[in-house]
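As they're listed, the protein sequences go chains A and B. The letter at position 294 of the first sequence is residue 301 when you use the numbering used here, and the numbering goes up by one with no holes. The letter at position 307 of the second sequence is residue 314 when you use the numbering used here, and the numbering goes up by one with no holes.
There are 2 protein chains.
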Amino acid sequence: MRKSVLAIDVGGTNIKLGLVSPSGHILSRTNLPTTSFIRRKENLIGAVVSASRRIIAENRLNNKDVLGIGIGLPGLVDARHGTVEVLTNIPGWKNVPLKKIIESRLKIPAFVDNDANVVTLGEWRFGAGHGFKNMICITLGTGVGGGLVIDNTLYRGEGFSAGEIGHIPLNETGLKCNCGGYGCLETYIGNQRLLKRARIVFKDNDISLEEISRLASRKNRIALRFWKEVAVHLGNGLAGVVNLLNPRCIVIGGGISNAHQYLFKTIRETLLQRALRTPAGMVKIVKAKLGSDAGLIGAQVLVHDALL
Amino acid sequence: MRKSVLAIDVGGTNIKLGLVSPSGHILSRTNLPTTSFIRRKENLIGAVVSASRRIIAENRLNNKDVLGIGIGLPGLVDARHGTVEVLTNIPGWKNVPLKKIIESRLKIPAFVDNDANVVTLGEWRFGAGHGFKNMICITLGTGVGGGLVIDNTLYRGEGFSAGEIGHIPLNETGLKCNCGGYGCLETYIGNQRLLKRARIVFKDNDISLEEISRLASRKNRIALRFWKEVAVHLGNGLAGVVNLLNPRCIVIGGGISNAHQYLFKTIRETLLQRALRTPAGMVKIVKAKLGSDAGLIGAQVLVHDALL
């Protein structure tokens with residue numbers, strides 16, 4: 008019997024844990040609320056370790072039945088040494104040797120990586136990017152994250168920060184971004200910015216992005232135009248990525264990708280209009296397949312590719 | 008004795024041929040004027056074959072003393088099959104199996120690639136990018152070309168068009184570019200655009216870019232501001248590249264890189280201001296070392312890496 012992976016997906020709201028089979032199926036899962044442990048990293052690590060022991064025991068496994076532990080975290084992660092350098096919205100994490108800590112507590116090989124990279128691994132092996140040698144994955148949310156598969160390998164960059172598609176500038180004199188830059192893609196299509204714009208466009212302080220998708224599905228013209236503008240900005244940003252990297256496939260996931268029928272057509276048109284003919288003509292723009300399970304399923308790939 | 012490579016660098020004006028040693032030294036060289044053969048591709052190929060035979064004979068070598076032939080061309084080149092798909096300023100080239108043609112005429116293994124890729128290989132192995140695992144090379148000229156070394160391999164992209172740094176958009180509503188896109192880096196810092204701008208700024212229809220560098224070296228304020236604007240645009244474009252790829256080194260070559268004392272400082276400052284802290288802090292911005300020999304020296308690397 009081939010061994011399963013214990014997958015851990017640390018997010019700003021929830022920590023998901025799951026047992027993932029070699030074929031990418033989630034056999035068992037549990038959740039922890041991140042905010043309960045956000046004050047002290049020792050508490051968060053302790054809670055993850057306890058939950059891991061529980062999920063292993065509940066599935067009547069021993070530690071040696073688990074191939075490894077894969078952990079995705081929202082921040083800068085040195086995947087080679089297994090060190091969390093900094094987390095984006097969880098304070099107190101600086102150069103934490105998480106791989107070492109988890110291995111010493113659970114006696115199972117552990118691997119850590121940035122969450123967008125883990126999602127990319129999942130979509131590449133088991134999702135919408137399956138079979139592509141050169142593929143890019145984007146997650147649309149509060150932040151706009153990304154990961155790059157280049158020549159059949161996840162490319163992490165010299166300092167493990169590659170793939171920051173959300174911080175490609177769209178305009179030289181654009182708005183100041185949280186990252187310190189100006190006019191980044193995220194300042195145009197990050198959820199915060201979209202909600203702000205939605206409140207103005209719809210003259211409604213309580214409108215949600217889901218509601219705008221519902222309105223669009225009923226052919227509401229303002230909603231359709233709202234999503235079209237998002238898609239044009241995204242297409243403009245991707246034109247640079249496509250010209251630079253000439254990928255075969257771009258997988259788009261995250262919350263607003265669910266407005267896909269209003270997004271994908273315009274993204275494709277924008278690329279054909281604006282990117283170079285060769286790379287624009289060959290790139291597939293597809294919706295992510297794994298949804299919110301991508302982080303767990305990708306953790307299986309992280310461990311699998313490190314060990315086998 | 009280790010064998011030399013017969014290197015051929017096809018440009019819009021000249022075709023350079025050289026015998027390049029395993030250590031990257033040009034042992035012998037000759038030039039052909041491209042324009043004499045521009046009408047018919049058979050004539051260009053014939054001239055290259057004759058000149059190759061001549062250079063081999065003049066150096067008292069036999070075909071089997073030559074490791075291989077490396078050819079760089081300005082256009083889209085399928086480096087795997089050795090096919091020239093299209094050339095940028097030389098008409099009549101469409102899906103030309105140049106590798107096969109050269110091999111059948113000269114009985115020496117031949118390898119072809121895009122010229123910017125060949126320059127990148129040269130700077131990476133023997134020039135300013137030596138020793139870097141993740142490195143980007145940019146050539147500034149009429150066009151703004153580029154090549155990417157990722158995880159110690161030249162990355163060509165799914166359709167051999169990767170590295171088009173000149174066609175990263177700087178502004179969504181920028182000028183229409185020759186490539187069909189809008190606001191591409193090339194529309195801001197390509198030589199044509201720079202000359203046009205120079206004529207306005209200096210109110211002089213005959214001013215050259217070299218003259219503006221001379222003026223800058225004498226602290227002429229208009230000239231200094233002219234180069235500073237160029238550097239800010241280049242830095243803004245590179246901010247996206249640095250955030251996306253997190254390279255260790257960016258090598259900048261081509262004509263206007265000779266204005267370097269006025270360019271490089273501002274490029275570095277712009278990156279530190281605008282790109283993410285981790286990748287901006289670790290990337291070196293350096294001037295290319297090989298000058299106009301990069302195409303010949305890179306052809307040695309192209310052959311070497313394909314055969315050895």
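Where is the CB? At the ideal position from N, CA and C, for every residue including glycine. Bear in mind the structure is a predicted one, so any value in this text is a computation, not a measurement.
(request) Using the Cα positions of R232 (chain A) and G261 (chain A), report the straight-line distance between them to the nearest angstrom. (result) Between R232 (chain A) and G261 (chain A), the C-alpha separation is close to 20 angstroms.
(request) Starting from the Cα of T20 (chain A), find the closest Cα among A:K71, A:S168 and A:P81 and give me that residue. (result) A:P81
(message) Considering just the uninterrupted stretch of the alpha helix (DSSP H) at S35 (chain A), what are its terminal residues?
(response) Here S35 (chain A) belongs to no alpha helix (DSSP H); instead the beta strand (DSSP E) covers I33 to P40.
(message) Assuming S111 (chain B) is part of the alpha helix (DSSP H), what are its boundary residues?
(response) L105 to L113
(message) Quick check on the burial criterion: 16 or more other C-beta atoms within 10 angstroms. Buried or exposed for K203 (chain B)?
(response) The residue in question, K203 (chain B), is exposed, as its Cβ has fewer than 16 Cβ neighbours within 10 Å.
(message) Taking 7 angstroms as the limit between beta carbons, can you name the residues of its chain near A58 (chain B), skipping five residues before and five after?
(response) L24, T37 and L39
(request) Below 6 angstroms CB to CB, which residues in the same chain sit around A282 (chain B) once its five sequence neighbours on both sides are set aside? (result) A246, V249 and N250
(message) Would V12 (chain A) and V27 (chain A) be called neighbours here (beta carbons separated by less than 8 angstroms)?
(response) Taking C-beta atoms as the reference points, V12 (chain A) and V27 (chain A) count as a pair closer than 8 angstroms.
(request) State the start and end residues of the unbroken alpha helix (DSSP H) segment that holds A306 (chain B). (result) Element bounds for A306 (chain B): A301 to L314.
(request) Could you please give me the residues that DSSP links to V2 (chain B) through a beta bridge? (result) Nothing in the structure corresponds to residue 2 (chain B), since chain B is present only between 8 and 315.
(message) Please identify, using Cβ separations under 9 angstroms, the residues of the segment 202 to 224 of chain A that lie next to chain B, in order along the chain.
(response) So the list is empty, because no residue satisfies the distance condition.
(message) Looking at the secondary structure, which residues open and close the beta strand (DSSP E) in which N21 (chain B) lies?
(response) N21 to V27
(request) Using only alpha-carbon positions, find the residue among A:V310, A:K183, A:G164 and A:L34 that is nearest to L252 (chain B). (result) A:G164
(message) Along the segment 41 to 74 of chain A, where does the CB come closer than 7 angstroms to a CB of chain B? Name the residues.
(response) none
(request) Closer than 8 angstroms by C-beta to H88 (chain A): which residues in its own chain qualify, once you throw out the five before and the five after it? Chain order, please. (result) P104 and K106
(request) Check each candidate in A:G181, A:N159, A:I78 and A:V258 and name the one with the smallest Cα separation from E110 (chain A). (result) Comparing alpha-carbon positions, the option among A:G181, A:N159, A:I78 and A:V258 lying closest to E110 (chain A) turns out to be A:I78.
(request) Could you say which of B:L315, B:V308 and B:L314 lies nearest to I15 (chain B) if we only look at CA atoms? (result) B:V308
(message) Quick check on E92 (chain A): does DSSP put it in helix, strand or coil?
(response) strand
(message) Tell me which residues of the segment 157 to 169 of chain A have at least one Cβ-Cβ distance to chain B shorter than 9 angstroms, keeping chain order.
(response) Listed in chain order, the positions of the segment 157 to 169 of chain A with a beta carbon within less than 9 angstroms of a beta carbon of chain B are I157, D158, T160, Y162, R163, G164, E165, G166, F167, S168 and A169.
(request) For Y189 (chain B), decide whether its Cβ has a neighbour in chain A, counting only Cβ atoms nearer than 8 angstroms. (result) yes
(request) Apply the 10 Å Cβ neighbour rule to N141 (chain A) and answer buried if 16 or more other Cβ atoms are within range, or exposed otherwise. (result) buried
(message) Only counting the same chain, and skipping five residues up and downstream in sequence, which positions put a Cβ closer than 8 angstroms to that of L34 (chain B)?
(response) Excluding sequence neighbours, L34 (chain B) sits near S11, G25, L26, V27, S28 and N66.
(request) Identify every run of the beta strand (DSSP E) within the segment 249 to 308 of chain B, keeping only runs that are complete inside it and at least 3 residues long; order them along the chain. (result) 256 to 260 and 291 to 294, all fully within the segment 249 to 308 of chain B.
(message) List, in chain order, every chain B residue whose beta-carbon is nearer than 8 angstroms to that of N243 (chain A).
(response) P176 and E179
(request) Would you list, in chain order, the members of the segment 251 to 264 of chain A that have their beta-carbon closer than 7 angstroms to a beta-carbon of chain B? (result) L251, L252, N253, P254 and R255
(request) Look at the alpha carbon of L314 (chain A) and the alpha carbon of L94 (chain B), and state the distance between them as a whole number of angstroms. (result) Approximately 45 angstroms between the Cα atoms of the pair.
(request) Determine whether the Cβ of K101 (chain B) lies closer than 8 angstroms to any Cβ atom of chain A. (result) no
(message) Spatial neighbours of K291 (chain A) within its chain, please: C-beta separation below 6 angstroms, excluding the five flanking residues on both sides.
(response) By the criterion of a C-beta distance shorter than 6 angstroms, K291 (chain A) is surrounded in its chain by C256, once the five residues flanking it on both sides are discounted.
(message) Assuming D122 (chain A) and A86 (chain A) are in contact, meaning their beta carbons sit under 8 angstroms apart, how far apart are those beta carbons, in whole angstroms?
(response) Between A86 (chain A) and D122 (chain A) the Cβ distance is about 12 angstroms, and since that is not below 8 angstroms, they are no contact.
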